[in-house]
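Each remark here refers to the structure printed beneath this line.
Number of protein chains: 2
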Amino acid sequence: MVAKRARTTLSQIATAANVSVTTASNVANGRLELMSAATRERVETIMRDLNYRPNEGARSLRLSQRRSIGLIIVDDSPRFLADPMNTNILAGFSNYLSVNGFALLLCGIHHATIDDAHLLRRDQTDALCVIPSGSATERRRLYRRLKETEQPILIFQDDRPSFLPDALSVRQNDRLAGERIAERVIQRGARHLVLLVPSQHWPAVTERQLGIDHVVQASGPDVRFETVVCGSESVADTQTAISRYVDREGLPDVFMGGNDQMGIAALTWALDRHLSVPADVRVTGFNGFEFTQYVRPRLTTVTSPAYEMGKQGAALLLKRLARGQFDERQLVLDVELQPGDSD
Amino acid sequence: MVAKRARTTLSQIATAANVSVTTASNVANGRLELMSAATRERVETIMRDLNYRPNEGARSLRLSQRRSIGLIIVDDSPRFLADPMNTNILAGFSNYLSVNGFALLLCGIHHATIDDAHLLRRDQTDALCVIPSGSATERRRLYRRLKETEQPILIFQDDRPSFLPDALSVRQNDRLAGERIAERVIQRGARHLVLLVPSQHWPAVTERQLGIDHVVQASGPDVRFETVVCGSESVADTQTAISRYVDREGLPDVFMGGNDQMGIAALTWALDRHLSVPADVRVTGFNGFEFTQYVRPRLTTVTSPAYEMGKQGAALLLKRLARGQFDERQLVLDVELQPGDSD
DNA sequence: CTGAAAGCGCTTACAG
DNA sequence: CTGAAAGCGCTTACAG
Numbered sequence: 002m003v004a005k006r007a008r009t010t011l012s013q014i015a016t017a018a019n020v021s022v023t024t025a026s027n028v029a030n031g032r033l034e035l036m037s038a039a040t041r042e043r044v045e046t047i048m049r050d051l052n053y054r055p056n057e058g059a060r061s062l063r064l065s066q067r068r069s070i071g072l073i074i075v076d077d078s079p080r081f082l083a084d085p086m087n088t089n090i091l092a093g094f095s096n097y098l099s100v101n102g103f104a105l106l107l108c109g110i111h112h113a114t115i116d117d118a119h120l121l122r123r124d125q126t127d128a129l130c131v132i133p134s135g136s137a138t139e140r141r142r143l144y145r146r147l148k149e150t151e152q153p154i155l156i157f158q159d160d161r162p163s164f165l166p167d168a169l170s171v172r173q174n175d176r177l178a179g180e181r182i183a184e185r186v187i188q189r190g191a192r193h194l195v196l197l198v199p200s201q202h203w204p205a206v207t208e209r210q211l212g213i214d215h216v217v218q219a220s221g222p223d224v225r226f227e228t229v230v231c232g233s234e235s236v237a238d239t240q241t242a243i244s245r246y247v248d249r250e251g252l253p254d255v256f257m258g259g260n261d262q263m264g265i266a267a268l269t270w271a272l273d274r275h276l277s278v279p280a281d282v283r284v285t286g287f288n289g290f291e292f293t294q295y296v297r298p299r300l301t302t303v304t305s306p307a308y309e310m311g312k313q314g315a316a317l318l319l320k321r322l323a324r325g326q327f328d329e330r331q332l333v334l335d336v337e338l339q340p341g342d343s344d
Numbered sequence: 002m003v004a005k006r007a008r009t010t011l012s013q014i015a016t017a018a019n020v021s022v023t024t025a026s027n028v029a030n031g032r033l034e035l036m037s038a039a040t041r042e043r044v045e046t047i048m049r050d051l052n053y054r055p056n057e058g059a060r061s062l063r064l065s066q067r068r069s070i071g072l073i074i075v076d077d078s079p080r081f082l083a084d085p086m087n088t089n090i091l092a093g094f095s096n097y098l099s100v101n102g103f104a105l106l107l108c109g110i111h112h113a114t115i116d117d118a119h120l121l122r123r124d125q126t127d128a129l130c131v132i133p134s135g136s137a138t139e140r141r142r143l144y145r146r147l148k149e150t151e152q153p154i155l156i157f158q159d160d161r162p163s164f165l166p167d168a169l170s171v172r173q174n175d176r177l178a179g180e181r182i183a184e185r186v187i188q189r190g191a192r193h194l195v196l197l198v199p200s201q202h203w204p205a206v207t208e209r210q211l212g213i214d215h216v217v218q219a220s221g222p223d224v225r226f227e228t229v230v231c232g233s234e235s236v237a238d239t240q241t242a243i244s245r246y247v248d249r250e251g252l253p254d255v256f257m258g259g260n261d262q263m264g265i266a267a268l269t270w271a272l273d274r275h276l277s278v279p280a281d282v283r284v285t286g287f288n289g290f291e292f293t294q295y296v297r298p299r300l301t302t303v304t305s306p307a308y309e310m311g312k313q314g315a316a317l318l319l320k321r322l323a324r325g326q327f328d329e330r331q332l333v334l335d336v337e338l339q340p341g342d343s344d
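Residue numbers (our numbering), protein chains in the order written: chain G, 2 to 344; chain H, 2 to 344.
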């Protein structure tokens, strides 16, 4: 069992300062107009000397208010934080909460272990956020579980299901991103487009795919579009899938990474075979995170406002907690084409 | 103010099931041998129907046990999670805690705002962990603040200060990493070594520097070693610093990135100037995280067990909570040279 | 300006 | 096998 520790309590402060716990509590909570300057100073000194830190559990029990938000990242990889989309959202989210005095409970889970997640089993947060992955069915099941918590819900990078009234969806315009990148490569002459996608389903990747498909459909019959499923998003898996595809079908005009990592894997694959990019094969990515600056030729991609999504999502969520309801049901942030030399 | 919500409580369960709260509590906590099968089933059904989720605040108040651990990452960049060392440690740490039913409270802070951190001001965790950065003085101040919390402390990637008796240091052998990489480049003919370091101080980078210096000292007077401070770890800042250095001093034999990101920035810098790597200038990194696979030539680096550090750190910390004291004061994980084609 | 007291939702020692 | 009751550390409506 975890050892108990006797920490300083308000009543100890009160005793030492010769005041009631009411007054001690008022000092701790900055209701300073309720007492004389002398009392206040005496209590503050003692709090500092005794190193008083209020017990958050007691406070939240009394107030039915936890001052903490849970973030669930559903990713089958234990390295769920290797994905820069996840970490950028998390960074923005965490920073905003931190500045506003809210704690962030982070939990990475697999679909198979959703039911074990302590964030879902125990009542310890004011609201729950999720970065989902998985099939539509798996996500539906997840959202049902979230609904049972009866907490406000924030969903990153997926739509709000209709059975979740007290929820907000925050995402980037991935459909537009797909359109932009498809327009770009087609305009530059590509006629055979291959999109590389991970076997794990991410709603954002589907959106990108739909965006590409939309532009392809509008481009007439001489433009061809295929999707290749690559296993994990790792360099090795992606390159294996590319090799297998090319052995069978030959080189397409362009490999479009479902995200930057997969685009870069395609780029490296080409360079290792002494293929020239973009002369022999073009390559693109999605999201434009920092590490795309590592590769040459510069990757053509579409920049993601992931950090901003995290930050604005947190802001809207805290507003929801303060006001009792979400003012809006959806926030879609814009993306921007970032032309490189790879296509 | 945050709205209250009336959630299902144990006493509601007890009433509905026609048992006492004692029995309801026993069911909730799996003490099933204390009641008849019929009672148990009745209570369990009602808990499921009413969607009962125990109030963790109340439990922790009663038990003086929070089942949650705080992780503080001190990094002056708001994108503190862009650093793969941080995210890999975090992933391992978070996964281990999650599987063992502990919540993880994540908080990224700057040195200037340490005193505002809710993890330090409020009593809401069983233990506190930190990934520190900053000068020795800044870190000392941080550790003093941690000591005041009177909680067990886990320090990643830095030593335990002697005034923190109830603390554990978990790090990788960065000194050895520096030695390995220096031995390698010197053995391959490098005589003028330049280490690129960020202006923000990380204890691990200092260790790497000491390791290199140690090998350089032992190599006789014809080996020269310098350090170039690069601003942030970003590609742009690193490349600016490199350009400035080369304009003044000419090309060294090898640019040693203080981490992979800076090594890759040097690599890209060279390629952009049509310099051949390693023929014209050699380049190395540290840590060998996934994205080093993105670049060609393959980066010579030293692999980091960051995920393992997070995981083992979490394991030792939970053991500490269960047993009342740390069995050891330090855990140092090994690193391994990963030869590439860049040096 | 200050304080006594109730009660938030749990767990557990104790009594039956 | 089951339950009544105390108490964890807070906040706040209320009384003085």
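Here a beta-carbon is modelled for each residue, glycine too, at the ideal position from N, C-alpha and C.
These numbers were taken from a predicted model, which means no experiment stands behind them.
query	result
Are the beta-carbon atoms belonging to H:D77 and H:Q201 less than 8 Å from one another?	yes
Output needed in chain order: residues of the region 291-313 of chain G with a Cβ under 8 Å from some Cβ in chain H.	E291, F292, Q294, Y295, V296, R297 and Y308
Check the Cβ-Cβ distances between G:F1 and every residue of chain H, and say whether any is below 8 Å.	Nothing in the structure corresponds to residue 1 of chain G, since chain G is present only between 2 and 344.
With distances taken from CA atoms, which of H:L272, H:T304 and H:L317 is nearest G:R297?	H:L272
Check G:R283 in the structure and name its three-state DSSP category.	strand
Check each residue of the region 46-61 of chain H: if its Cβ is closer than 7 Å to any Cβ of chain G, include it; give the result in chain order.	N52, R54, P55, N56, E57, G58, A59 and S61
Under 8 Å, do H:Y295 and G:T269 count as touching if we go by C-beta distance?	yes
So what does DSSP say about G:N96, is it helix, strand or coil?	helix
Measure the CB-CB distance between G:G179 and G:R209 and report whether it falls below 8 Å.	yes
What is the residue span of the beta strand (DSSP E) that G:Q339 lies within?	E337 to Q339
Taking the Cβ atom as the reference point for each residue, do H:I73 and H:L35 lie within a distance shorter than 8 Å?	no
Would you mind working out which of G:N260, G:R283 and G:A315 sits nearest G:L252, comparing C-alpha positions?	G:R283
If you scan the region 75-146 of chain G from start to end, which runs of the beta strand (DSSP E) of 3 or more residues do you find wholly inside it?	104-110 and 128-132
Suppose only complete runs of 3+ residues qualify. What are the beta strand (DSSP E) ranges in the region 289-337 of chain G, listed by chain order?	302-304 and 331-334
With a Cβ-Cβ cutoff of 8 Å, do G:R49 and G:F103 count as a contact?	no
Are G:L194 and G:A205 closer than 8 Å when you measure CB to CB?	no
Please classify G:A25: does DSSP put it in a helix, a strand, or coil?	helix
Could you list the residues in the region 81-95 of chain H with a C-beta less than 7 Å from some C-beta on chain G, going in chain order?	F81, L82, A83, T88, L91, A92 and S95
In the structure shown, what three-state DSSP assignment does G:M36 receive?	coil
Give the DSSP bridge partners of G:E227, in chain order.	G:V195
Does the distance from the CB of H:G289 to the CB of H:G258 come in under 8 Å?	no
CB-CB under 7 Å to H:T228, same chain, minus the five flanking residues each way: which ones, in chain order?	L196, V198 and Q210
Can G:H111 and G:E139 be called in contact, C-beta distance under 8 Å?	no
For G:D281, which option in G:V333, G:D175, G:L319 and G:V247 has the closest C-alpha, if you only look at C-alpha atoms?	G:V247
For G:N89, which option in H:N30, H:C108, H:I90 and H:F81 has the closest C-alpha, if you only look at C-alpha atoms?	H:F81
Does G:R172 come out as helix, strand or coil in the three-state DSSP assignment?	strand
Relative to the alpha-carbon of G:K312, which residue among G:R145, G:L165, G:V44 and G:V171 has its alpha-carbon at the smallest distance?	G:V171
Using CA coordinates, which residue listed in H:D223, H:R60 and H:D159 is at the minimum distance from G:D124?	H:R60
Going by C-alpha distance, which of G:L11, G:F256, G:D117 and G:L147 is nearest G:V278?	G:F256
Between the Cα of H:M86 and those of H:L300, H:P306 and H:F226, spot the shortest distance and give me the residue it belongs to.	H:P306
Using CA atoms only, rank isn't needed, just tell me which of G:I70, G:N19, G:D261 and G:I115 is closest to G:S95.	G:I70
Can you tell me which of G:P166, G:R185 and G:E151 puts its alpha carbon nearest to the alpha carbon of G:Q331?	G:P166
Quick check: the Cα distance between G:A191 and G:I265, rounded to an integer number of angstroms?	19 Å
DSSP state of G:L155, grouped into three classes?	strand
Please tell me whether H:L332 has its Cβ less than 8 Å away from any Cβ of chain G.	no
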